[in-house]
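Position 228, counted from 1, in the sequence shown is what our numbering calls 804; the numbers after and before it change by one each time, with no gaps.
Backbone N, C-alpha and C define an ideal beta-carbon position, used for all residues, glycine too.
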Amino acid sequence: MSGNIYPDLIRVFYTNLQFVGNNLVSHVKRVDMEVTHEVWTAITGLKYAGLQINKGNISVVEEFNKIQFYKNCLKNPRDKVRNFSVGGLKLNERLIALIVTWMLTLRGNNHFVLTEEDLVYMYCIMNKVKINWIHIIKEHMQKSIRLNDYHYPYVVLISKFLNYFEVDLEEEQTKFVKSSLEVNNGSLRKMGFTKIGGKWVSKDGDQGGSSSGVQAKQEEEDLDAEGAGVDAKRRTCCC
Numbered sequence: 577m578s579g580n581i582y583p584d585l586i587r588v589f590y591t592n593l594q595f596v597g598n599n600l601v602s603h604v605k606r607v608d609m610e611v612t613h614e615v616w617t618a619i620t621g622l623k624y625a626g627l628q629i630n631k632g633n634i635s636v637v638e639e640f641n642k643i644q645f646y647k648n649c650l651k652n653p654r655d656k657v658r659n660f661s662v663g664g665l666k667l668n669e670r671l672i673a674l675i676v677t678w679m680l681t682l683r684g685n686n687h688f689v690l691t692e693e694d695l696v697y698m699y700c701i702m703n704k705v706k707i708n709w710i711h712i713i714k715e716h717m718q719k720s721i722r723l724n725d726y727h728y729p730y731v732v733l734i735s736k737f738l739n740y741f742e743v744d745l746e747e748e749q750t751k752f753v754k755s756s757l758e759v760n761n762g763s764l765r766k767m768g769f770t771k772i773g774g775k776w777v778s779k780d781g782d783q784g785g786s787s788s789g790v791q792a793k794q795e796e797e798d799l800d801a802e803g804a805g806v807d808a809k810r811r812t813c814c815c
């Protein structure tokens, strides 16, 4: 998503946010906001349908095996799995991991080691398993309120909620966000890929060794510097 964001009002939205049944309920500048499934569909096109995945019920995704799936994503599947680092992933899998950990379910830190939830989301995306993204986004909102090291996520989406409910936005501090996260040539080079014959390939070769943990950690720090949102009591992420 892209558009104007309103940092002060986003913090108010999250401060007043409650979860009532299946709906988000908040109050901003004397406007009561109840985000129903119909509002989600009107703004994002998403429907409340598909598997409701969270940490406690990964098993609802049949045939998902965390270790086997991760190995299949590696440039060299024969590598020993010590942790679930993004460093050794093939290009497409690396980009999907980036989308999951920096856009869909951004957390406060340590983006270069994938959680079981990250992996199951990647599996579903790659295998076209229908999952309920509204449910997942709402779960992540709850987590961001509960954990102080998390960013306030989905600030472009929240700003669109403010517009939808006709909150008075005049004279509010605003910032235009082009996109949630831009993956450009420089980003791909930092990931250890190079362009040969019009195609991006690993510098180690398609079956080459994995990138080091140090390199992956540096990439995380670079992306954190590029993708951070507005400074406040807690940072907001431009997603």
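For residue i, which of helix, strand or coil comes out of DSSP?
i, result
"Y697", "helix"
"Q794", "At Q794 the pLDDT is 47, less than 50, meaning the model places this residue with poor confidence; the figure from the coordinates comes in the next sentence. Helix at Q794."
"T770", "strand"
"L593", "coil"
"E748", "coil"
"E610", "strand"
"I634", "helix"
"V657", "coil"
"Y728", "strand"
"L622", "coil"
Tell me which residues share the same chain as residue i and place their Cβ nearer than 6 Å to its Cβ, disregarding the 5 neighbours each side in the sequence.
i, result
"Y624", "H613, I710"
"F589", "S602, V604, I734"
"G684", "D725, Y726"
Just confirm the distance between the C-beta atoms of residue i and residue j, as a whole number of angstroms; I'd bet it's less than 8 Å.
i, j, result
"F688", "V662", "5 Å"
"V705", "L585", "At roughly 36 Å, the Cβ-Cβ gap does not stay under 8 Å, so V705 and L585 are not in contact."
"Y740", "V596", "That pair is no contact at about 18 Å."
"K714", "L600", "7 Å"
Closer than 8 Å by C-beta to residue i: which residues in its own chain qualify, once you throw out the five before and the five after it? Chain order, please.
i, result
"Q749", "Y582, P583, D584"
"T691", "F660"
"I619", "L733, K736, F737, Y740"
Enumerate in chain order the residues of its own chain whose CB-to-CB distance from residue i is below 7 Å, with the five nearest sequence positions on each side excluded.
i, result
"G626", "K706, I707, N708"
ask   = When the Cβ atoms of the segment 720-728 are set against those of the segment 638-648, are three or more pairs found closer than 8 Å?
value = no
task = Assess, as a yes-or-no matter, whether the segment 660-677 is touched by the segment 694-704 under the definition of 3 or more beta carbon pairs within less than 8 Å.
result = yes
Every unbroken alpha helix (DSSP H) within the segment 662-708, with a cutoff of 4 residues, ordered by chain = 667-675, 692-702
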